[in-house]
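See structure below.
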RNA sequence: GGGCCUGUAGCUCAGCUUGGACAGAGUGCUGGACUUCUAAUCCAGUGGUCAAGGGAUCGAAGCCCUUCGGGCCCGCCA
């Protein structure tokens with residue numbers, strides 16, 4: 003069982019007491035007590051009934067406390083009214099402790115049945131395949147990957163998609179660079195191909211557009227050829243794109259993210275999906291042909307209180323938003339699926355990665371969902387709002403298409419300075435085109451070597467291979483945690499120096515708590531006996547740890563319902579704090595009695611199992627040493 | 001001009017969805033704890049007119065309104 007049962011019991015008990023006292027039915031809150039001296043659980047019903055009953059909240063709480071005691075309770079050991087008016091409850095720990103500890107050992111501890119196995123699609127990453135990933139992309143990847151892990155834990159059947167815009171302007175840019183700009187398409191010695199394309203080719207060709215207008219014209223031609231997909235240039239483009247994509251995916255995998263399917267824009271363009279979606283919009287009256295004004299000859303979408311949005315230009319071509327509509331409709335299963343699916347690779351976790359193809363000899367699979375979450379930064383909110391509206395019209399059901407937006411990652415003044423940019427003390431938006439960014443690989447490498455030094459200092463007997471493994475796990479833990487612990491609508495100012503901090507509210511702090519627990523379990527040299535009596539654990543440190551362990555599923559539910567990955571980050575931190583406090587104040591292996599040693603060992607075991615599962619939702623490895 | 005987001009301790013942020021008990025962390029600074037299950041830890045101290053003003057409420061950091069500061073978006077570009 004978990005704390006949920008305790009909450010439910012109290013809710014029911016209070017309700018019964020109200021009924022018996024003849025109080026009118028009221029929606030009241032059962033919540034964790036804000037301070038330990040108030041007990042474990044609090045109820046605000048006194049305040050809510052005060053007006054109707056014309057009594058002080060405290061008097062009501064007191065009457066209810068007396069009434070509550072009349073019925074037998076299982077998980078509550080004490081009920082009392084507080085001066086403030088709250089009704090407070092103390093948990094029955096001798097019962098709670100063993101039940102929480104035992105539940106936490108189950109493989110699917112923390113699982114909640116929110117999704118009831120309904121199909122959910124999460125799309126994230128979706129970086130133009132012409133450059134290496136930078137820390138801004140990392141935020142997208144981590145949010146998307148974490149949310150898909152959480153939704154899976156909440157019993158959704160999740161498919162993860164990565165949209166590859168292989169026929170867009172940014173790809174055209176580097177193709178121009180290779181074909182007409184004099185850049186070799188050979189990967190330079192000691193460099194990843196994605197870095198070479200982004201750092202050198204993309205940035206310098208963009209610069210040259212300023213002075214060489216002929217290159218700009220060539221780009222338009224290349225773009226057209228990429229969309230048509232038949233020419234020599236298009237084949238060359240396809241080859242380049244896939245080389246970059248392969249390198250990008252290595253970084254994603256390094257970060258711990260995996261996917262189910264790669265969706266190529268070029269295939270959506272060639273699949274006729276757009277024509278089908280366009281006809282549907284026309285017949286539903288979603289888009290109209292403008293006969294006058296500045297948008298004359300265009301198909302537009304009318305929006306309340308905002309400018310009309312052009313979908314189809316007067317020359318008949320589709321705009322950027324328009325291209326997203328058939329894909330969104332495809333994801334929701336609204337349009338017939340024109341794709342077949344080809345094996346791309348098997349990822350490290352064993353998860354198979356597929357790719358869309360238009361070759362009907364390949365397999366037919368289903369990567370679509372009843373609900374679709376698209377992770378895109380909030381600068382795209384306006385366009386995403388349009389898509390959301392069209393999808394709810396298509397589905398005649400709101401909320402099936404969800405844009406999960408997040409604020410951008412900017413560079414701190416100090417970090418900008420390392421890129422030779424003086425921002426005058428302000429943080430600055432990253433820009434791939436201007437070459438103003440910090441790459442994900444670079445951050446991970448720096449972090450990894452920093453954590454390697456730390457790990458080596460502490461574990462001199464460990465060999466190089468183990469140390470490298472630990473430092474990589476810790477580096478990724480550190481990066482993933484900073485990207486997820488903050489609310490989605492807060493800007494993250496990335497500072498290279500600060501990102502190396504491994505103390506306090508960080509990923510490594512949490513991982514360290516896990517490693518400490520593992521050491522105790524190892525050194526104990528025996529398995530805990532969970533059937534034994536655990537009553538001897540009576541300190542606040544033990545009780546608090548049990549309480550935190552016991553609310554894992556409530557946190558998963560909260561995170562999934564609100565699509566808020568930080569909830570799990572905060573929970574992991576809380577678990578770690580609770581354990582470290584316990585660790586510093588009570589002894590496990592040298593406790594007073596054999597039975598107490600066993601009891602605490604059970605608790606430590608329960609903690610590390612729970613933290614391991616919670617960290618897994620964040621995609622952070624739990625190292626047994628560090 | 002319109003739309004979205006944001007303003008809480010020196011700094012970075014929780015808390016706001018669902019109003020209630022002295023507003024919490026981390027970091028910084030000051031001091032303390034390693035012959036002990038790993039000090040990437042713990043303990044204590046320091047630090048806040050919750051941007052400002054108004055409103056409804058018995059009660060507001062939270063709800064409503066106004067104002068001010070900061071960021072982003074508003075192309076027949078992608």
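Numbering (our numbering), first residue to last: 3 to 628.
Note that the Cβ used here is the ideal one computed from N, Cα and C, for glycine as well.
### Task
Could you name the residues of the same chain whose beta carbon sits closer than 6 angstroms to that of residue 472, not counting the 5 residues immediately before and after it, in chain order?
These residues qualify, in order along the chain: 457, 625 and 628.
### Message
On the DSSP letters alone, give me the boundaries of the alpha helix (DSSP H) that residue 199 sits inside.
### Response
No alpha helix (DSSP H) holds residue 199; DSSP gives it neither H nor E.
### Message
Suppose contacts are defined by Cβ-Cβ distances below 7 angstroms. Is residue 117 in contact with residue 157 by that definition?
### Response
For residue 117 and residue 157, yes; Cβs fall inside 7 angstroms.
### Ranges of the alpha helix (DSSP H) found wholly within the stretch 219-280, counting only runs of at least 4
Runs found: 234-256 and 267-272.
### Query
Rounded C-beta distance between residue 558 and residue 155? I'm assuming under 8 angstroms.
Residue 558 to residue 155, Cβ: 5 angstroms. Contact.
### Query
What are the boundary residues of the alpha helix (DSSP H) that residue 20 is part of?
If you look at residue 20, you'll find it in the alpha helix (DSSP H) that goes 5-23.
#### Entry: Assigned exposure category for residue 249 - 16 Cβ within 10 Å defines buried
The Cβ neighbour count for residue 249, taken over all protein chains shown within 10 Å, is at least 16; the residue is labelled buried.
### Task
Write down the C-beta distance between residue 478 and residue 622 rounded to the nearest angstrom, noting that I regard them as a contact closer than 8 angstroms.
Confirmed, about 7 angstroms.
### Task
Determine which residues share a DSSP beta bridge with residue 441 and list them.
Under DSSP, residue 441 takes part in a beta bridge, and its partners are 136.
### Task
Count the other C-beta atoms from every protein chain shown that fall within 10 angstroms of the C-beta of residue 467, then say buried if there are 16 or more, exposed otherwise.
Counting the other Cβ atoms within 10 Å of the Cβ of residue 467 gives fewer than 16, which makes it exposed.
### Task
Have a look at residue 463 and residue 455 and give me their C-alpha separation to the nearest angstrom.
Distance between the alpha carbons of residue 463 and residue 455 is about 14 angstroms.
### Chain-order list of residues whose beta-carbon lies under 6 angstroms from that of residue 577 (same chain, five-residue window excluded)
Contacts found: 550 and 613.
### Task
Quick one: give me the first and last residue of the beta strand (DSSP E) that residue 574 is part of.
Annotation for residue 574: no beta strand (DSSP E) segment contains it, though the alpha helix (DSSP H) segment containing it runs 568-587.
### Message
Please report the distance separating the alpha-carbon of residue 345 from that of residue 355.
### Response
Each residue's Cα considered, the two are about 6 angstroms apart.
### Task
Answer with buried or exposed for residue 125, where buried requires no fewer than 16 other C-beta atoms within 10 angstroms of its C-beta.
Within 10 angstroms of the beta-carbon of residue 125 lie 16 or more other beta-carbons, which makes it buried.
### Task
Compare the beta carbon distance of residue 288 and residue 395 with 7 angstroms and say whether it is the shorter of the two.
Contact: yes.
### Task
Please state if the CB of residue 272 and the CB of residue 333 are separated by a distance shorter than 7 angstroms.
The criterion of a C-beta distance shorter than 7 angstroms is not satisfied by residue 333 and residue 272.
### Query
Could you give the residue range of the beta strand (DSSP E) that holds residue 121?
Note, residue 121: beta strand (DSSP E), 121-125.
### Query
Do residue 607 and residue 530 have their CB atoms nearer than 7 angstroms?
Cβ atoms of residue 607 and residue 530: closer than 7 angstroms.
### Message
If contacts are defined as beta-carbon pairs under 8 angstroms, then residue 430 and residue 412 qualify, I think. What distance do you get, rounded to the angstrom?
### Response
Between residue 430 and residue 412 a beta carbon distance of about 6 angstroms is seen, short of the 8 angstroms cut, so the two are scored as contacting.
### Message
For a test of the three-state rule: what should DSSP assign to residue 311, helix, strand or coil?
### Response
Strand at residue 311.
### Message
Please classify residue 541 as buried or exposed, where buried requires at least 16 other C-beta atoms within 10 Å of its C-beta.
### Response
Answer is exposed; the Cβ neighbour count stays below 16.
### Message
To test your reading of the DSSP string, which unbroken beta strand (DSSP E) runs of 3 or more residues are found completely within the stretch 431-515?
### Response
With a minimum length of 3 residues, the unbroken runs of beta strand (DSSP E) contained wholly in the stretch 431-515 fall at 494-496.
### Task
Could you check the C-alpha separation between residue 343 and residue 30 for me, to the nearest Å?
Going from the Cα of residue 343 to the Cα of residue 30 covers about 51 angstroms.
### Task
Over the uninterrupted alpha helix (DSSP H) stretch that includes residue 385, give me the two end residues.
Where residue 385 is concerned, the enclosing alpha helix (DSSP H) starts and stops at 383-397.
### Query
For residue 277, is the beta carbon positioned less than 6 angstroms from some heavy atom of the ligand GDP?
This structure lacks the ligand GDP; in fact it carries no ligand of any kind.
### Message
Rounded to the nearest angstrom, what separates residue 435 and residue 239 at their Cα positions?
### Response
In this structure, the CA atom of residue 435 is about 19 angstroms from the CA atom of residue 239.
#### Entry: residue 193, buried or exposed, once every other Cβ within 10 Å from all chains shown has been counted against 16
Label assigned to residue 193: exposed.
### Message
Rounded to the nearest angstrom, what separates residue 365 and residue 601 at their Cα positions?
### Response
Their Cα atoms are separated by approximately 54 angstroms.
### Query
For residue 133, does the count of other Cβ atoms within 10 angstroms reach 16, so buried, or fall short, so exposed?
That one is buried.
### residue 419 versus residue 261 - alpha carbon distance
So the alpha carbons of these two residues sit roughly 36 angstroms apart.
### Task
Note down the Cα distance separating residue 182 from residue 204, rounded to an integer number of angstroms.
C-alpha separation (whole angstroms): 13 angstroms.
### Assigned secondary structure, residue 172 (DSSP; H/G/I helix, E/B strand, else coil)
In the displayed model, residue 172 falls within a helix according to three-state DSSP.
### Same chain only: Cβ atoms within 7 angstroms of residue 311, ignoring 5 sequence neighbours per side
Cβ neighbours of residue 311 beyond the five flanking positions: 302, 303, 305, 323 and 388.
### Query
Which partner residues does residue 34 have in the DSSP bridge list?
Answer by DSSP bridge pairing, in chain order: 43.
### Message
Going by beta-carbon coordinates alone, are residue 102 and residue 177 separated by less than 7 angstroms?
### Response
Contact check for residue 102 against residue 177 fails: the beta carbons are separated by 7 angstroms or more.
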